[in-house]
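To get this note's numbering, take the position in the sequence shown, counting from 1, and add 197. Even glycine gets a Cβ: it sits at the ideal position worked out from N, Cα and C. The structure under discussion appears below in the form of structure tokens.
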Amino acid sequence: TYYAIIIGIDHYMDDEIPNLDNPVSDAGKLYQVLINNYQFKEENIKFIKDATRADIVRSMDEMAGMASKNDNLLIFYAGHGKWDEKANVGYWLPSDASFNTRANWFRNSTLVDYLKTIDSKHTLLITDACFAGSIFKASFIF
């Protein structure tokens, strides 16, 4: 069985984090390609637009209960990301992320921990995490 978690985030609740123009569209195009050209069924794809941290965690928890050692998993994330060079830690910024606190940021190490609990035969992770997604619109520096 082929499973997927597809996450695209255009809109951020915190006005200090600029919105993006294409992640949800890109995620939707990938969804259509998987349904139309590959062996993915709609019921096996979790397509989350403007995902909150809770949405991401919930999708990972659900996938851990669905995928087995003979299944395949694709995870796609498009949205803002943040790399903390001093701490050597990367994050995805869900739609409910706050510029001033990491409470709702999703650590890359948390993603790795979830991948360990998902017992799939093959897992493909595609991440398009913009670190300065609005560089041509406004200054966005952490």
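Assignment of beta-bridge partners to Ser295 by DSSP yields Thr298. Within the same chain, and ignoring the five residues on either side of Asn305 in sequence, the residues whose Cβ sits closer than 8 Å to its Cβ are Val286, Gly287, Tyr288 and Trp289. Remark: C-beta atoms of Lys318 and Asn267 approach each other more closely than 9 Å.
Assignment of Thr249 by DSSP, reduced to helix, strand and coil, places it in the coil class. The stretch 244-256 makes contact with the stretch 198-208; the number of CB pairs closer than 8 Å reaches 3 or more. The C-beta separation of Pro291 from Phe303 comes to about 6 Å, placing the pair in contact by the 8 Å criterion. Using a Cβ distance threshold of 9 Å, Glu213 and Ser295 count as a contacting pair.
Taking all protein chains shown into account, Tyr200 has 16 or more neighbouring C-beta atoms within 10 Å of its C-beta and is therefore buried. For Asp281, the enclosing beta strand (DSSP E) begins and ends at Asn269 to Asp281.
One alpha carbon belongs to Asp218, the other to Ala224, and they sit about 12 Å apart. Annotated three-state conformation of Ala326 is strand, per DSSP.
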